[in-house]
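> Okay, handing you the structure first.
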Amino acid sequence: MNEEVDFVLDSAKEDMDKAIAHLEKSLLNIRAGKASPAMLGGVMVDYYGSQTPLSRVANVNTPDARTISVQPWEKGLIPEIEKGIMIANLGLNPMNNGESVIINVPVLTEERRVQLAKQAKAESEEAKIGVRNDRKVAMNELKKLDISEDLLKNAEDDVQKLTDKYIAKIDEMFVVKEKEIMTV
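For the sequence shown, the UniProt record's numbering begins at 1 and goes up steadily by one.
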């Protein structure tokens, strides 16, 4: 094949990989019943006047399936950590024992599980839109190239196969997450 065509295909594959990586990160933030340090991944804490990720100011772990423990490196940060968790609007209620912040993760109701499944579906649809946009960009780039019609047709088929592969991967990721969410 042509070097320019290979470059367009590689670029499209790289962009589609980014959409998958973003989806993985988004799905990690959707809780599925059991406690996980990733649930607090988006929490920002006011650390001496600047917003800092929670993981940079404290140790976050899960002593059991229903509890998250946040051990700050400086005890004075406990109120800021609690405030950051509340601001993140995760539906979690932090408590402190003077040395660490403890979060009991409540059991999900059926209604909440359905809401989380819908949220996961929305995230997967966003990823599909991203992949389709990457396909559109690749197709437009291919049309700009000065190549034969046969080569163009073959390259467009390759882009479509790549798109179909990534859409199937997104659907598979959603099915796994939905099963995880809906399992009691």
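Even glycine gets a Cβ: it sits at the ideal position worked out from N, Cα and C.
Considering only the beta carbon of each residue, do residue 30 and residue 92 sit closer than 8 Å?
For residue 30 and residue 92, no; Cβs fall outside 8 Å.
> Can you tell which of 122, 20, 183 and 27 has its C-alpha closest to the C-alpha of residue 110?
The candidate whose alpha carbon is nearest that of residue 110 is 183.
> With DSSP collapsed to three states, give me the class of residue 62.
Reduced to three states, the DSSP call for residue 62 is strand.
> Relative to the C-alpha of residue 186, which residue among 14, 2 and 3 is closest?
Nothing in the structure corresponds to residue 186, since the chain is present only between 1 and 184.
> Whole-angstrom Cβ separation of residue 137 and residue 163, contact assumed at under 8 Å?
No, residue 137 and residue 163 are not in contact; Cβ-Cβ is about 11 Å, not under 8 Å.
> Taking the straight line between their C-alpha atoms, what separation do you get for residue 172 and residue 141?
Those two C-alpha atoms are separated by around 29 Å.
> Please work out which residues of its chain come closer than 7 Å, Cβ to Cβ, to residue 16, disregarding the five sequence neighbours upstream and downstream, and give them in chain order.
Excluding positions up to five away in sequence, the list reads 131, 134, 162 and 166.
> Would you check if the stretch 93 to 105 and the stretch 62 to 81 touch, i.e. whether three or more CB-CB distances between them fall below 8 Å?
Yes, the stretch 62 to 81 is in contact with the stretch 93 to 105.
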